[in-house]
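To start, the structure itself, in structure tokens.
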Amino acid sequence: MSKKIRVSTILKRKAEGIKITALTAYDYTFGYLLDEAGVDLILVGDSCGNVCAGYETTLPVTVDEMIYHTRSVRRGVNHALLVADMPFMSYQETLEQALHNAGRFMKEGSAEAVKLEGGEHICSTVRQIVEIGIPVMGHLGFTPQSVHEFGGYKVRGKDSAEAEKMKVDALALQDAGVFAIVLEKIPTLLAKEISEILTIPTIGIGAGPYCNGQILVSYDMLGLYDRVQFKFVRRYASLADEIRKAVTNYCDDVKNNDFPSLNESF
Ligand code: KIV
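Have a look at this one:
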């Protein structure tokens, strides 16, 4: 069995030039499947709001819901670093609120780190969370909790002012103590530049091949959530089609008296 992945392992990967592999999980079964397959970092993403709860955005997801998902994944994960997403309005109100909720993810969810969206404006909060001993992962670019401010699911950092601001944000987050930054939906060359100016790793999603690692929503890359197909997602399986086929076959077998057979009965 390979060694437990820790924050220090993730940091070392960049120095060693070894790409970091990351995926999302929301329950025990996916937790153990991804963990046994050897993924480095498992994120309990607030994308569970989209793919598990069927919300249009991640905004309605609550801390209690995220803790339930984190505890479920935790029971399946022994090897990967387990990071929990702090949902919308669980860290933006006051520093006390952010520290309290970050602590809940560690105590009640047994996460090993938390992820917060945003740049310079959240750095004082990030610094305090790190100072009380909770590792933090940053998230820049298209940050889904700001979808309404952005006016949709567009690529971020295309104009030079926004690109420059993102570099400032990335350096500020690094200075505040984050151990890695997710870069979502930004131009390839901007992601390359940010990856080069930082000493901590970048983990890309729709940010091109020059990041220090990659993350995808597991339901997207497995073709389980197939209502939309994003340009930046490569589908490694077609689980939705497999499930539809299997369920149709099951229904046919029940109706035709083919299931259960006597061998499947007591
Ligand atoms: O919630 C999530 O799944 C995420 C990833 C897309 C990085 O934040």
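In terms of our numbering, the sequence shown is residues 1104 to 1369. Virtual Cβ for every residue (Gly too), placed ideally from N, Cα, C.
For L1137, the distance from the CB to the nearest heavy atom of the ligand KIV is not below 7 angstroms.
The continuous beta strand (DSSP E) containing T1305 extends over residues 1305-1308. Between V1110 and I1145, the C-beta gap is not smaller than 8 angstroms, which leaves the two residues out of contact. In the three-state DSSP reduction, Q1332 falls in the coil class, being neither helix nor strand. At least one heavy atom of the ligand KIV sits closer than 7 angstroms to the Cβ of L1146. The segment 1317-1328 makes no contact with the segment 1289-1304; the number of CB pairs closer than 8 angstroms stays below 3. Annotation for K1261: P1290 place their beta carbon closer than 7 angstroms to its own, counting only its chain and skipping 5 residues before and after. Secondary structure at L1301: coil, using DSSP grouped into helix, strand and coil. In this structure, the C-beta of D1356 stays at least 7 angstroms away from each heavy atom of the ligand KIV. Taking the Cβ atoms as the reference, E1223 lies roughly 16 angstroms from Q1248, outside the contact range of under 8 angstroms. The beta carbon of I1308 sits closer than 7 angstroms to at least one heavy atom of the ligand KIV.
Closest in alpha carbon position to V1186, among T1127, V1154, V1166, Y1171, is T1127. Annotated as proximal: Y1129 and V1147, with beta-carbon spacing under 8 angstroms. For K1358, the enclosing alpha helix (DSSP H) has its first and last residue at 1342-1358. Looking at the DSSP output, L1243 sits in a beta bridge with L1286. Using a cutoff of 7 angstroms, the CB of S1150 counts as near the ligand KIV, since one of the ligand's heavy atoms is closer than that. Looking at the DSSP output, T1127 sits in a beta bridge with L1146. Distances from the alpha-carbon of L1136 to those of T1160, R1177, L1114, G1157 put R1177 closest. Each residue's CA atom was taken as its position, placing N1315 and I1308 some 11 angstroms apart.
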